[in-house]
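Asks: Shown below is the structure under consideration.
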Amino acid sequence: MTEAAQLTADKVCGIYQAVEATWDGEPLDVNNDGVAKESFLEELLDGPYLGIQYDPSRLTTRVNPCYDSKSLTSVSFPFFKGCYSESYLRFSIPLYTSERIEIYYKIDDDGLLTIQDRFVYLRTAGEHDHDQIQNVSIKWEADGDFIVSGQTGFYNFLTQRHTEGRATFRYHCISTKEKKQR
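Per our numbering, the sequence shown starts with residue 98, numbered consecutively.
What follows is the structure, given as structure tokens:
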């Protein structure tokens with residue numbers, strides 16, 4: 098690798114954690130506590146989402162180093178979405194779940210990181226169309242954060258209906274070769 102590519106590789110590799118989530122639609126109460134919290138991430142983490150309760154390790158991901166400027170490296174980010182399948186309903190309450198969005202990135206000889214491909218790994222058995230994550234956008238910012246966003250939907254207990262919008266998660270590096278400030 099060139100020196101510029103190596104500097105970028107050192108900057109991007111490490112452990113990333115979701116530090117912020119935003120929702121562009123109406124205020125949501127997804128955890129059925131009667132309150133739509135100002136922090137969308139806090140609202141998600143306070144609820145009985147499918148499969149896991151809050152565990153910081155579930156909202157982290159490891160970005161492995163890229164060893165060759167001509168090869169692709171993969172990383173997957175957790176992402177929440179509504180889950181309305183009859184087989185997943187607990188006490189007839191619509192839940193939400195955390196899925197993975199996998200990307201492949203490459204660092205060129207000039208040290209520029211580009212996202213090559215992105216895939217959403219979703220369980221499909223028994224789920225409905227509104228349970229999807231679509232129009233996924235992922236970027237890596239110069240400050241070292243990954244921004245992952247997509248169109249999705251959740252059941253809103255405040256309005257008693259399914260609500261669609263765009264969720265955006267910021268993943269900040271909490272462990273890397275280069276010291277970063279937050």
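Just so it is clear, CB atoms sit at the ideal spot from N, CA and C, and this is done for glycine as well.
With 16 other CB atoms within 10 Å as the buried threshold, where does Ser168 fall?
Replies: Flag for Ser168 reads exposed.
Asks: Using a 10 Å radius around the Cβ and a threshold of 16 neighbouring Cβ atoms, would you call Cys110 buried or exposed?
Replies: By the Cβ neighbour-count rule, Cys110 is buried, with 16 or more other Cβ atoms within 10 Å of its own.
Asks: Between which two residues does the beta strand (DSSP E) holding Lys236 run?
Replies: 231-237 is the span of the beta strand (DSSP E), which, as asked, contains Lys236.
Asks: Determine the DSSP secondary structure at Phe137, reduced to helix, strand or coil.
Replies: helix
Asks: For Glu117 and Thr99, what's the separation of their Cα atoms in angstroms?
Replies: 33 Å
Asks: Looking only at its chain, what residues have a beta carbon closer than 6 Å to the beta carbon of Ala102, apart from the 5 residues adjacent to it on each side?
Replies: So the qualifying residues of the chain are Ser166, Ile204, Asp206, Gly208.
Asks: Determine the direct distance from the alpha carbon of Thr105 to that of Lys178, and round the result to whole angstroms.
Replies: 32 Å
Asks: Who are the Cβ neighbours of Ala264 in its own chain at under 6 Å, not counting the five residues just before and after it?
Replies: Trp120, Thr249
Asks: I need the boundaries of the beta strand (DSSP E) containing Thr99, first residue and last residue.
Replies: Looking at the DSSP string, Thr99 is not in any beta strand (DSSP E), and its letter there is neither H nor E.
Asks: Taking Tyr164 as part of the beta strand (DSSP E), name the residues at either end of that continuous run.
Replies: Run containing Tyr164: none; DSSP gives neither H nor E here.
Asks: With 16 as the cutoff for other CB atoms within 10 Å, does Ser171 come out buried or exposed?
Replies: exposed
Asks: Give me the DSSP bridge partner(s) of Glu199.
Replies: Ser173, Phe216
Asks: By how many angstroms is the C-alpha of Glu199 removed from the C-alpha of Ser272?
Replies: If I take the Cα positions, the gap works out to 20 Å.
Asks: Are the beta-carbon atoms of Ile112 and Thr157 separated by less than 9 Å?
Replies: yes
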